[in-house]
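Okay, so here's the structure we're looking at.
Protein chains in written order, with my numbering: chain C, 1 to 265; chain V, 266 to 499.
Structure representation (structure tokens):
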């Protein structure tokens with residue numbers, strides 16, 4: 001059966017892997033191609049590079065990082081951050097990425113999702129959604145709702161997350177990468193209600209992001225949230241837990257994961 | 266990796282559907298010398314013809330026909346030369362696709378259909394490839410290895426030869442054919458180039474398998490082609 005994927009995310013700034021809390025306070029955590037190859041060896045199912053500077057100046061550095069990684073890690077590589085056009089997406093794919101994630105540019109110009117899906121196929125288009133809770137536990141709303149935020153969490157949009165998710169899929173997104181801004185970097189667990197609300201509305205795979213502290217959170221994102229894949233950054237970079245350990249715990253919890261092996265003895 | 270295999274000349278058909286960078290990197294890592302081809306003349310002399318691709322059949326067939334590559338692929342097969350189709354490249358070997366109604370190469374009896382009962386589509390991620398028989402390309406690979414998929418449609422061999430074509434099956438809501446092989450033709454619905462070390466092992470096996478098929482003219486192919494009359498571009 002289809003395995004649930006464990007995906008390390010490498011937040012890249014100026015050619016280095018960094019990680020902050022709620023998108024600020026950056027700490028240097030290593031060389032991207034080196035970390036990527038290590039994760040592939042450890043059993044990562046895919047890799048995500050996110051250019052968190054997302055500036056025009058940082059693009060050549062990012063493409064170089066993608067090129068250096070593509071020849072070393074033979075698993076799918078998704079690259080995101082600042083891609084604004086299908087021409088820019090083509091550049092990233094030609095450098096060796098297998099998929100590109102669109103976030104702010106897709107919200108500002110939804111037709112971009114359609115253009116990229118038509119040109120490169122839906123399988124290459126991941127729409128990344130940053131979500132912030134509208135009703136943080138005040139109990140007045142019958143059910144929670146979330147607002148789409150863009151520009152790394154700096155700009156609220158007024159868009160409902162679940163509605164935007166459904167529209168992105170209708171426009172051709174092949175996968176959704178959903179980040180809880182409330183949980184990101186806090187190590188308080190994924191927002192499983194957010195995931196469930198989206199999974200119940202769309203048919204494409206949903207990748208959970210934001211808040212992972214340990215293997216138990218991955219299990220919850222899949223079992224309670226319905227996610228197809230789980231993404232995390234700092235807990236892997238800092239060696240708090242290995243991908244192998246995470247998968248072993250998930251397997252013991254009854255979740256279908258790809259374990260090492262497959263080559264006959 | 267033996268010397269004969271290490272430098273196998275692999276012609277990778279560029280029909281505009283999908284990214285060729287990952288397959289080129291993986292072929293190089295598996296010991297091949299890949300090169301992109303977009304015209305019939307460039308295929309000559311290759312040790313393996315690889316038809317890659319993702320996405321829909323119609324635009325890919327349009328590009329192939331415009332370049333004369335549809336006929337060149339079938340001529341290659343008629344000459345008994347080895348071919349590997351990956352994902353869309355495997356689907357193009359069937360007679361047609363339900364995805365967009367495209368008429369395809371017609372090498373394998375059957376059509377490409379949408380996956381039935383799938384809990385999520387596209388079918389993205391690692392899934393078990395359950396082998397139905399032995400084949401050199403799976404040498405050293407476990408009988409139900411996890412390999413990487415990205416697709417919503419799959420080809421289903423039909424007729425008396427269905428069993429002869431089917432090499433492996435995979436479940437996603439329902440069972441579909443995830444690998445076909447007969448004589449000098451292999452088709453993989455999964456992506457060996459995205460399937461880590463196991464994928465590289467399969468590609469290495471494919472290179473060794475391809476080297477077994479003789480290049481000399483006059484060797485008769487055992488596989489009949491059923492290419493429909495080419496459509497003249499409007």
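Ideal Cβ placement from N, Cα and C applies to all residues, glycine included.
- Could you tell me if residue 56 of chain C is buried or exposed, where buried requires 16 or more neighbouring beta carbons within 10 angstroms of its beta carbon? Residue 56 of chain C sits at position 56 when you count from the first residue of the first chain. Under a 10 Å Cβ-count criterion, residue 56 of chain C is classified as exposed, with fewer than 16 other Cβ atoms of the shown protein chains found around its own Cβ.
- Message: Applying the 10 Å Cβ sphere with the 16-neighbour rule, what's the burial state of residue 1 of chain C?
- Response: For this step, residue 1 of chain C is matched to residue 1 along the first chain. With fewer than 16 other Cβ atoms within 10 Å, it is exposed.
- Query: Quick one: what does DSSP say residue 299 of chain C is sitting in, helix, strand or coil?
  - Reply: No information on residue 299 of chain C is available, as it lies outside the stretch 1 to 265 that chain C covers here.
- Segments assigned alpha helix (DSSP H), at least 4 residues, entirely inside the segment 347–371 of chain V: 353–356
- Query: Between the segment 450–478 of chain V and chain C, which residues of the former have CB atoms less than 7 Å from a CB of the latter, in chain order?
  - Reply: 458, 459, 461, 463, 464, 465 and 466
- Message: Judging by CA-CA distance, which residue of C:95, C:31 and C:74 is the nearest neighbour of residue 461 of chain V?
- Response: Within the second chain, the letter at position 196 stands for residue 461 of chain V. Answer by Cα proximity: C:74.
- Check the C-beta distance from residue 211 of chain C over to residue 183 of chain C and give it rounded, since I have them as a contact under 8 Å. Stepping through the first chain from its first residue, residue 211 of chain C is reached at position 211. Stepping through the first chain from its first residue, residue 183 of chain C is reached at position 183. Confirmed, about 3 Å.
- Message: Which residues of the segment 117–136 of chain C have a Cβ closer than 8 Å to any Cβ of chain V? Give them in chain order.
- Response: 120, 121, 122, 123 and 124
- Task: With distances taken Cα to Cα, identify the nearest neighbour of residue 278 of chain V among V:291, V:311, V:360 and V:317.
- Result: Here the question's residue 278 of chain V lines up with position 13 in the second chain. Nearest C-alpha to residue 278 of chain V among V:291, V:311, V:360 and V:317: V:317.
- Message: Using CA atoms only, rank isn't needed, just tell me which of V:320, V:339 and V:386 is closest to residue 370 of chain V.
- Response: Start at 1 with the first residue of the second chain, and residue 370 of chain V comes out as number 105. Looking at the Cα atoms, V:339 is the closest of the given residues.
- Query: What three-state label does DSSP hand residue 147 of chain C in the structure shown?
  - Reply: By 1-based counting over the first chain, the position of residue 147 of chain C is 147. Correct three-state label for residue 147 of chain C: strand.
- Query: Is residue 292 of chain V helix, strand or coil when you go by DSSP?
  - Reply: Reading the second chain from its first residue, position 27 is the one you call residue 292 of chain V. Helix at residue 292 of chain V.
- Message: Strictly under 8 Å for the Cβ-Cβ distance: is residue 5 of chain C near chain V by that measure?
- Response: As a first step, residue 5 of chain C must be located in the first chain, where it is residue number 5. It does: the Cβ of residue 5 of chain C has a partner Cβ on chain V nearer than 8 Å.
- Name the chain V residues that come within less than 7 Å of residue 142 of chain C, Cβ to Cβ? Here residue 142 of chain C is taken as the residue at index 142 of the first chain, counted from 1. Simply none; closest approach about 28 Å.
- Message: With a threshold of 7 Å on Cβ separation, who are the neighbours of residue 162 of chain C within its own chain once the five nearest residues in sequence on each side are excluded?
- Response: Position 162 of the first chain, counted from the start, is the residue given in the question as residue 162 of chain C. For residue 162 of chain C, where only same-chain residues beyond five positions count, the Cβ hits under 7 Å are 197, 198 and 201.
- Task: Could you work out which residues of chain V lie near residue 251 of chain C, taking near to mean beta carbons separated by less than 8 Å?
- Result: Here residue 251 of chain C refers to the residue found at position 251 of the first chain. What residue 251 of chain C touches in chain V: nothing, since even the nearest Cβ is about 13 Å away.
- Relative to the alpha-carbon of residue 250 of chain C, which residue among C:111, C:126, C:170 and C:230 has its alpha-carbon at the smallest distance? On the first chain, position 250 is the one that residue 250 of chain C refers to. The option with the nearest alpha carbon to residue 250 of chain C is C:230.
- Taking 8 Å as the CB-CB limit, is residue 443 of chain V close to chain B? In the displayed structure, chain B is absent; the protein chains listed are C and V.
- With residue 280 of chain V and residue 329 of chain V assumed to form a contact (beta carbons below 8 Å), what rounded beta-carbon distance in angstroms separates them? Translated into positions along the second chain, residue 280 of chain V becomes position 15. Translated into positions along the second chain, residue 329 of chain V becomes position 64. With 8 Å as the limit, residue 280 of chain V and residue 329 of chain V qualify as a contact, their Cβ atoms being about 5 Å apart.
- Task: Would you list, in chain order, the members of the segment 410–440 of chain V that have their beta-carbon closer than 7 Å to a beta-carbon of chain C?
- Result: Answer in chain order: 410, 411, 413, 415, 436 and 437.
- Message: If you reduce the DSSP assignment to three classes, tell me which class residue 16 of chain C lands in.
- Response: Locating residue 16 of chain C in the first chain gives position 16, counting from the first residue. Residue 16 of chain C falls in the strand class under three-state DSSP.
- Within the 8 Å Cβ cut-off, does residue 203 of chain C reach chain V? The residue labelled residue 203 of chain C in the question sits at position 203 within the first chain. Interface residue, yes.
- Any contact of the segment 104–113 of chain C with the segment 443–454 of chain V, i.e. 3+ C-beta pairs under 8 Å? no
- Message: Is there a Cβ of chain V sitting closer than 8 Å to that of residue 175 of chain C, yes or no?
- Response: Along the first chain, read from residue 1 onward, the residue named residue 175 of chain C stands at position 175. The beta carbon of residue 175 of chain C falls within 8 Å of a beta carbon belonging to chain V, placing the residue at that interface.
- Task: Using a Cβ cut-off of 8 Å (strictly closer), state whether residue 287 of chain V contacts chain C.
- Result: Here residue 287 of chain V corresponds to residue number 22 of the second chain, with the count starting at 1. Answer yes: the Cβ-Cβ gap between residue 287 of chain V and chain C drops below 8 Å somewhere.
- Item | Where the alpha helix (DSSP H) through residue 55 of chain C begins and ends | In the first chain, counting from the first residue as 1, residue 55 of chain C sits at position 55. That residue, residue 55 of chain C, is in no alpha helix (DSSP H); it is neither H nor E in DSSP.
- Message: By the three-class DSSP mapping on this structure, what secondary structure does residue 455 of chain V have?
- Response: Stepping through the second chain from its first residue, residue 455 of chain V is reached at position 190. Residue 455 of chain V falls in the coil class under three-state DSSP.
- Query: residue 47 of chain C and residue 10 of chain C look like a contact to me (Cβ under 8 Å); what is the Cβ gap, rounded to whole Å?
  - Reply: Numbered from its first residue, the first chain carries residue 47 of chain C at position 47. Numbered from its first residue, the first chain carries residue 10 of chain C at position 10. Rounded, the Cβ-Cβ distance is 7 Å, consistent with contact.
- Message: With H, G and I counted as helix, E and B as strand and the rest as coil, what does DSSP make of residue 24 of chain C?
- Response: Numbered from its first residue, the first chain carries residue 24 of chain C at position 24. Residue placement at residue 24 of chain C cannot be trusted, given a pLDDT of 49 that sits under 50; the coordinates are not used to answer.
- Paired residues, beta bridge with residue 418 of chain V - DSSP: As a working note, residue 418 of chain V is residue 153 in the second chain. Paired residue(s): V:379.
- Item | Interface flag, residue 24 of chain C vs chain V, CB-CB below 8 Å | As a working note, residue 24 of chain C is residue 24 in the first chain. Per-residue confidence for residue 24 of chain C stands at a pLDDT of 49, beneath the threshold of 50, marking its modelled position as unreliable; the derived number appears in the next sentence. By this cut-off, residue 24 of chain C is not an interface position.
- Give me the Cα-Cα distance between residue 18 of chain C and residue 325 of chain V, rounded to the nearest whole angstrom. In the first chain, residue 18 of chain C corresponds to position 18, counting from 1. In the second chain, residue 325 of chain V corresponds to position 60, counting from 1. For residue 18 of chain C and residue 325 of chain V, the distance between alpha carbons rounds to 40 Å.
- On the DSSP bridge assignment, give the partners of residue 431 of chain V in chain order. Numbered from its first residue, the second chain carries residue 431 of chain V at position 166. Paired residue(s): V:445.
- Message: Against chain V, does residue 228 of chain C count as a neighbour if the rule is that its beta carbon must be under 8 Å from one of theirs?
- Response: The residue you call residue 228 of chain C lines up with position 228 of the first chain. Answer yes: the Cβ-Cβ gap between residue 228 of chain C and chain V drops below 8 Å somewhere.
- Task: With 8 Å as the C-beta to C-beta threshold (strictly closer), list the residues of the segment 318–347 of chain V near chain C in chain order.
- Result: For the segment 318–347 of chain V, which is checked against every Cβ of chain C, the residues closer than 8 Å are 319, 320 and 321.
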